[in-house]
Structures are given as C-alpha cells and as structure tokens.
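Participant:
Protein chains in written order, with the numbering used here: chain A, 1 to 330; chain B, 1001 to 1330.
In structure tokens:
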C-alpha cells in the first residue's frame, strides 16, 4: 500500500502532485485550484467578520460516527457560527507522519469534502507538511475559518443576561464516549456514535427568522460545565442548571455511571449551548428538530458562578475540569 | 524547570490559565483577550480579501537568525502579501509535545509578539493542543491569516507577462543553510543566519506609490526554482534567469559548493520574487534598500519553461526539486 514519504513534504514535484491529485481533486473549487500562496476572495461586505482556528490531534483518527476530517470541518464551522457569523471560507493544513497510508489520507479528504459540502463552506487554501516517523501521529489537521456577520446580529459569550434561558441543542457526551470506545476503553458492547457535525444551518435559520439569541457556545473539551463556566465568567451572571432536564442518551448515561464520569464534563462535537430570552426558546427547540432542551437559567449575581440543582433537589457549585478525563479527543 | 503536561490541553482550568498567562498576556490585544471561540473583527470593506495558512514543523525550533515563532508569523504575513493584500489578522495554533519546557514556549511566544508587532498584524484567535511524548516534536505551529486587497491592486502568479523583469528581493539560500548549521550538518565555522522576516512593509510602500507589480511569490520550500516553476506554469511564459545576477552571500555560496547544493533550490524565508514591467524595477530595488536585483526576464512561449543562462554562457532547463534536500526547514 503506498505510503507517505518525506518527499511528500519537500516543496518539490512529488509534493505538488500529491496535493493536486489527492487533496485538491476532491475539494474542487475555483479558488483552491489556483494553488496560489494565498486565496483571493470576494468581500461580501457586512460590517464585521469572524475568524477562528483549531488544530485536531484526535486519536484514533477514525471512530464511530466520524473521523478527524469531519471533526476539523465541523469544529471550525461551529466556532465561526458561535459568533453569529455565516461560515464563508476555511483553510486546511495537514501535518502528516512519514509512513502513513495514502489511502487513509484519501478517505479523510473525502470526509472533509462531504462535511464542507454539508456546511456549505469552501476550503480555499491549504498546506501540507510531513514529519519523520515517531515525530507525529498519523495525521494532525489545522483548520481556520472566516465568516461574515449580518449587521443586525450581536451574539457573544459576554451577552448572556439575567433571565435568559440556557438551552442545549441535544443530548450530551456522545463524542467523548465514542472516543473511549474507539480506544478500546469500554470492554462491553455499546452502540454509541460521535455527534460530530456542522450546526451552522440551524443557527442561520434562526438568525434569518430574526430570533433573538444572546450567546452560542460549543461544549467541546471541558464539556457543558467548561463552556458554561466561560459564559458565567464573561457575562457576569449566575447560571443555574436543572440536572433532571439535561438530555443524555441511555447508553452514554450507563457508561458514565459505570466508569464514574460526570457527563457535564464530556466533550461534544455537534452540540451548541444557546442563551436568549425565554420567548426565543420555542424557535430554538424547533430549529433543532425538538432535540434541544432548556436546561437552566441565567440569574443576577454579585459573585458569578455555575450551579447545578441535582436530581435530589440539592444545589452544588460546578467548576471547570480540574484534571483531565480523556486526552486527544479532538 | 516547569514542563508541559497533558493537562495543559485538557480544556480545563490548567489549560485556561496556561493560555491566559503564557500566551495571551504577551500578545495583548482587545480581540484576543476576549478568548471567545471566534474573534470578531471590523470589515474594512475593500472588494477582496486574501486568506492563507501554513503549518510550521521546523527542526530545531530555534536557529541562528530566528525561531519557529518568527517563522510562523513571517510566513503567513508574506503569503498574504503575495496577493497584494495588506495583512489584517491572523490565528495562532500550537500543537505542543508533553514534556516541553514552559520557558521555551514563553520564548517562542515572545518572538511571535515581536514579529507580529514588526509586521503590524494582530493575532486575534488561537488554539492549544497537547500530544503525548513521542507523538510530536516539541512544538508545531499553525498560523492562518487574512488581509484586504485595495480595489485597484491585481497581483497573482497568473499575471506575469512577456517582457516582465524577474526580481529577487535579496540574496538567496540563507535560511536553508542556517538550518543545516543548526542541525550540526556543517562542521566548519560559518557565520550564516536565516533571513526570516516579514516583508509586507516594503510591498505596501510600493503599492501605495502605485508601482505596477504583476506577481509576488516567496521562494520557500523548493526555492527560487520551485517558485519560478509555478509562475511559469500559471502564467504560461518562459522565464530566463541570468545566473551571474543571482545574489548570494559568500558564505552560502561556499557551503553550496562544498556540499553540492544548488542555491536555486534552497529555501528562503524573507525573500520575494517580484515580476512587473521594467519601469517598476528601480522602485522595487529601492524599496528593498538596494538589496533586490533583476535576475531574469519573462518571454513569450508556446512551451512554458524555466531556463537558466549559466555563468559559462550555456542555457539549461531548470525543473522543480525532484528529491528532497533538507526536510523540516519550515
């Protein structure tokens, strides 16, 4: 089976042919095909734009429900969307370990193409580097993206206000549990798939309908607790979660109970936390096909904190993740 | 000496504190400090924008004349500049190997801050991932950047036309020879430093003065021969180089002769190839403090190729790099 050699990163003919035949051929668009050092794009001309980046070091690179390619497109699309921007263009950079199967790269590029198409975002510029065997781990991907924000939109983690509903767009924890399974850490049968997917279409629909949203945040590393802790810190409000309302798939719940993980800290790759006035909640829930749920409330506070009302009626303070659960889940 | 642990990439408190204290504190600007998942920027509103990305896997990460931080800012700034755009904002993503010295990261971040300041570009968004010892190599960096193009500017590798002068902005090969030295591959004393630096100010000056430029290209991996081969292919012209006019520092020339490297294939990280009508050449040379030189000419051709008139008067065809010279030089 053909494998990556250091020559694929040399800047010479072999690299150019690899990039042309393996990568660009699958991601076809007029801008990328120019293969210039920078892509030139039309400025759609709204007042503001959003920019984001993430590197992906997920291990293994394929798992139930997704792969590093789908993850890298979804992650960047979702990060752009959290600012209320419409994803416009993204970059794609590979750091490949020498010896990686070419066929595996082709599969990942295919998955990238499918996901970019789903999210309706163009990959306009890229880069490929190769490192020696033992200096990488198959494939690391970096994506950066830009999006443009409609002039009347104002969404940020700083904008949650007392009285806002806290909504999660669907059940929590599936990505991290799928990663545990992919690594053979779960030794019993369980059907769990990562939730990784782009969520921009649902948000664009809400924005186009003029639904008032204050904050959108994706609970990836650090989970719902980590993401809400940032909102608490940025917006200066208390958030009180109602544990009994937090949606969780049965299998994810079971695994959590068995291994002692708190689902509030599990990474998600296809979920949004959304805050806004209670009048907006119905529309948000509809846009996410009824899977979204109101899980809490923002309240006025002089000492902003994240609180959880447990199923037993007690209230406890929830902090950020102190020690690591599972490394390299994204 | 404090070292990076897997916890620095967990999404939890330790990661947030590391990013805040070690990275953001040195790159201070209002946008980055918000620490949102995507940065929100004002759209300056020209008709077109440029976007680019590169990952940096250079080994070692510090070398005479620069380091991976200076390289990553310069590379992205220079790639944006090749489209005639003014660099506007960039992203910064780290993939750190567990066990790396925190102090070394601090030095690299410091170098990034200095170089970004020099190029007058803001780092507006970022990401940090940690991989296990033996799954990375100290530090990989990805940067992506955007810039806006003045409405009257039209610069691309497709725009070189017959009659154009081919200019190099200064002596060739210093970066790659500095990397050889940094790796202990040169066992005699030689004072050579990488040329790595941002070149946007020189080009902005030319654009502001209305100097007509057709193509700007940075001869990094694959060197001058690789970069000109791309121009030949994209623009459909012959390029004839005059070997005796190609500037090269004495020490770089000596090393090339000793180890049998062709300086035309050596990577540069602070040089531009510039094409334009002969009337523009004087202004280009001035903007680069007289270091730039006309090294060739574009000619009409039915079979576009890169040609070199040697010091002995013969003409030979020059191709892209076929096999690798030195891996991981950027």
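Glycine residues also receive a C-beta, built at the ideal position from the N, C-alpha and C atoms. Computed from a predicted model, the values in this text were never measured in an experiment.
1) What residue range is occupied by the uninterrupted beta strand (DSSP E) comprising residue 107(A)?
2) Can you list, in chain order, the residues of the stretch 106-137 of chain A whose Cβ is nearer than 9 Å to any Cβ on chain B?
3) Quick one: grab the DSSP three-state call for residue 1309(B).
4) Measure from the C-beta of residue 217(A) to each C-beta in chain B and report whether the shortest distance is under 8 Å.
5) Do we get a CB-CB distance below 8 Å when we pair residue 1047(B) with the residues of chain A?
6) Quick one: is residue 103(A) buried, meaning 16 or more other Cβ sit within 10 Å of its Cβ, or exposed?
7) Among the residues of its own chain, which have a CB less than 6 Å from the CB of residue 1310(B), if the five just before and after it don't count?
8) Which residues of the stretch 1225-1250 of chain B have a Cβ closer than 7 Å to any Cβ of chain A? Give them in chain order.
9) Where does residue 315(A) land, buried or exposed, given buried means 16+ other C-beta within 10 angstroms?
10) Sort 137(A), 329(A), 57(A), 28(A) by Cα distance to residue 109(A) and report the nearest one.
11) Report the residue from 1058(B), 1306(B), 1067(B) whose alpha carbon sits nearest the alpha carbon of residue 1221(B).
12) Could you name the residues of chain B that residue 175(A) contacts, counting a contact when the two beta carbons are closer than 7 Å?
13) Could you say if the stretch 1204-1215 of chain B and the stretch 1268-1287 of chain B meet the contact criterion of at least three C-beta pairs nearer than 8 Å?
14) What would DSSP say about residue 92(A), mapped onto helix, strand or coil?
15) Look up residue 241(A) in the DSSP assignment and say whether it is helix, strand or coil.
16) Name the chain B residues whose beta carbon is nearer than 7 Å to that of residue 328(A)?
17) Which value, in whole angstroms, describes the spacing of the CA atoms of residue 61(A) and residue 322(A)?
18) So if DSSP puts residue 1097(B) in a beta bridge, which residue, or which two residues, is it bridged to?
19) Is the Cβ of residue 210(A) closer than 8 Å to any Cβ of chain B?
20) Flag residue 1066(B) as yes if its beta-carbon sits less than 8 Å from any beta-carbon of chain A, otherwise no.
21) Check each candidate in 1190(B), 1170(B), 1039(B) and name the one with the smallest Cα separation from residue 1202(B).
22) Do you know whose CA, among 37(A), 87(A), 318(A), 10(A), lies nearest residue 150(A)'s CA?
23) For residue 1006(B), does the three-state DSSP call read helix, strand or coil?
24) Give a yes or no on whether the minimum CB-CB distance between residue 214(A) and chain B is below 8 Å.
25) Kindly say whether residue 1013(B), judged by its beta-carbon, lies nearer than 8 Å to any beta-carbon of chain A.
26) Does the Cβ-Cβ distance between residue 1072(B) and residue 1143(B) come in under 8 Å?
27) Under the rule that 16 or more other beta-carbon atoms within 10 Å means buried, what is residue 1187(B), buried or exposed?
28) Quick test of your reading: residue 50(A) and residue 74(A), contact by CB under 8 Å. State the CB separation rounded to the nearest angstrom.
29) Roughly how many whole angstroms lie between the Cα atoms of residue 261(A) and residue 252(A)?
30) Using a beta-carbon distance cut-off of less than 8 Å, what residues from the stretch 30-46 of chain A approach chain B?
31) How big is the Cα-Cα spacing for residue 138(A) and residue 228(A)?
32) Quick check: what's the CA-CA separation for residue 1306(B) versus residue 1319(B)?
33) Look at the alpha carbon of residue 30(A) and the alpha carbon of residue 123(A), and state the distance between them as a whole number of angstroms.
34) Name, going along the chain, the residues of the stretch 299-323 of chain A whose beta-carbon falls closer than 9 Å to a beta-carbon of chain B.
35) Which of helix, strand or coil does DSSP assign to residue 1086(B)?
36) What's the C-alpha gap between residue 1131(B) and residue 56(A)?
Facilitator: On the basis of the coordinates in this document:
1) Translated into the one-based positions of the first chain, residue 107(A) becomes position 107. No beta strand (DSSP E) contains residue 107(A), which is instead part of the alpha helix (DSSP H) from 102-119.
2) 124, 125, 126, 127, 128, 129, 130, 131, 132, 134, 135, 136, 137
3) As a position in the second chain, residue 1309(B) is number 309, starting the count at 1. Strand at residue 1309(B).
4) Within the first chain, residue 217(A) is the residue found at index 217, counting from 1. Yes, because at least one Cβ of chain B sits closer than 8 Å to the Cβ of residue 217(A).
5) Against the second chain, residue 1047(B) aligns to sequence position 47. Cβ-Cβ to chain A under 8 Å: yes for residue 1047(B).
6) Here residue 103(A) corresponds to residue number 103 of the first chain, with the count starting at 1. Residue 103(A) comes out exposed.
7) In the second chain, residue 1310(B) corresponds to position 310, counting from 1. Within the same chain, residue 1310(B) has close Cβ partners 1243.
8) 1226
9) Translated into the one-based positions of the first chain, residue 315(A) becomes position 315. Its Cβ having fewer than 16 others within 10 Å, residue 315(A) is exposed.
10) Within the first chain, numbered from 1, the residue matching residue 109(A) stands at position 109. Cα-wise, what sits closest to residue 109(A) is 28(A).
11) The residue you call residue 1221(B) lines up with position 221 of the second chain. Measuring from the Cα of residue 1221(B), the nearest candidate turns out to be 1058(B).
12) By one-based count along the first chain, residue 175(A) stands at place 175. Chain B residues near residue 175(A): none, gap ~12 Å exceeds 7 Å.
13) yes
14) Stepping through the first chain from its first residue, residue 92(A) is reached at position 92. Strand, per DSSP.
15) Within the first chain, the letter at position 241 stands for residue 241(A). Three-state DSSP puts residue 241(A) in a strand.
16) The residue you call residue 328(A) lines up with position 328 of the first chain. Ordered by position in chain B, the residues that pass the 7 Å Cβ test against residue 328(A) are 1131.
17) As a first step, residue 61(A) is located in the first chain; it is residue number 61 there, counting from the start. As a first step, residue 322(A) is located in the first chain; it is residue number 322 there, counting from the start. Answer to the nearest angstrom: the Cα atoms are 26 Å apart.
18) As a working note, residue 1097(B) is residue 97 in the second chain. Note: residue 1097(B) sits in a beta bridge opposite 1131(B).
19) Your numbering for residue 210(A) matches position 210 in the first chain. So, not an interface residue.
20) Here residue 1066(B) refers to the residue found at position 66 of the second chain. Cβ-Cβ to chain A under 8 Å: no for residue 1066(B).
21) As a first step, residue 1202(B) must be located in the second chain, where it is residue number 202. Answer by Cα proximity: 1170(B).
22) By 1-based counting over the first chain, the position of residue 150(A) is 150. Nearest of 37(A), 87(A), 318(A), 10(A) to residue 150(A), Cα basis: 87(A).
23) For the purposes of this step, residue 1006(B) is identified with residue 6 of the second chain, where counting begins at 1. DSSP places residue 1006(B) in helix when its eight states are reduced to three.
24) Sequence index remark: in the first chain, residue 214(A) carries index 214 (1-based). So no, residue 214(A) is outside the interface.
25) As a first step, residue 1013(B) must be located in the second chain, where it is residue number 13. Chain A contact via Cβ: present.
26) Taking the second chain and counting its residues from 1, one reaches residue 1072(B) at position 72. Taking the second chain and counting its residues from 1, one reaches residue 1143(B) at position 143. In contact: residue 1072(B) and residue 1143(B) (Cβ atoms closer than 8 Å).
27) Start at 1 with the first residue of the second chain, and residue 1187(B) comes out as number 187. When all chains shown are included, residue 1187(B) counts as exposed.
28) Stepping through the first chain from its first residue, residue 50(A) is reached at position 50. Stepping through the first chain from its first residue, residue 74(A) is reached at position 74. Not a contact, Cβ separation roughly 16 Å.
29) What you label residue 261(A) is simply residue 261 of the first chain in a count that begins at 1. What you label residue 252(A) is simply residue 252 of the first chain in a count that begins at 1. When rounded, the distance between both Cα atoms is 10 Å.
30) 34, 35, 36, 37, 38, 39, 40, 41, 42, 43, 45, 46
31) Stepping through the first chain from its first residue, residue 138(A) is reached at position 138. Stepping through the first chain from its first residue, residue 228(A) is reached at position 228. Cα to Cα, residue 138(A) sits roughly 33 Å from residue 228(A).
32) As a first step, residue 1306(B) must be located in the second chain, where it is residue number 306. As a first step, residue 1319(B) must be located in the second chain, where it is residue number 319. When rounded, the distance between both Cα atoms is 7 Å.
33) Locating residue 30(A) in the first chain gives position 30, where the first residue counts as 1. Locating residue 123(A) in the first chain gives position 123, where the first residue counts as 1. Roughly 10 Å separates the two Cα atoms.
34) 319, 320, 321, 322, 323
35) For this step, residue 1086(B) is matched to residue 86 along the second chain. Note: residue 1086(B) maps to strand in three-state DSSP.
36) Here residue 1131(B) refers to the residue found at position 131 when the second chain is read from its first residue. Here residue 56(A) refers to the residue found at position 56 when the first chain is read from its first residue. Computed Cα separation, rounded: 10 Å.
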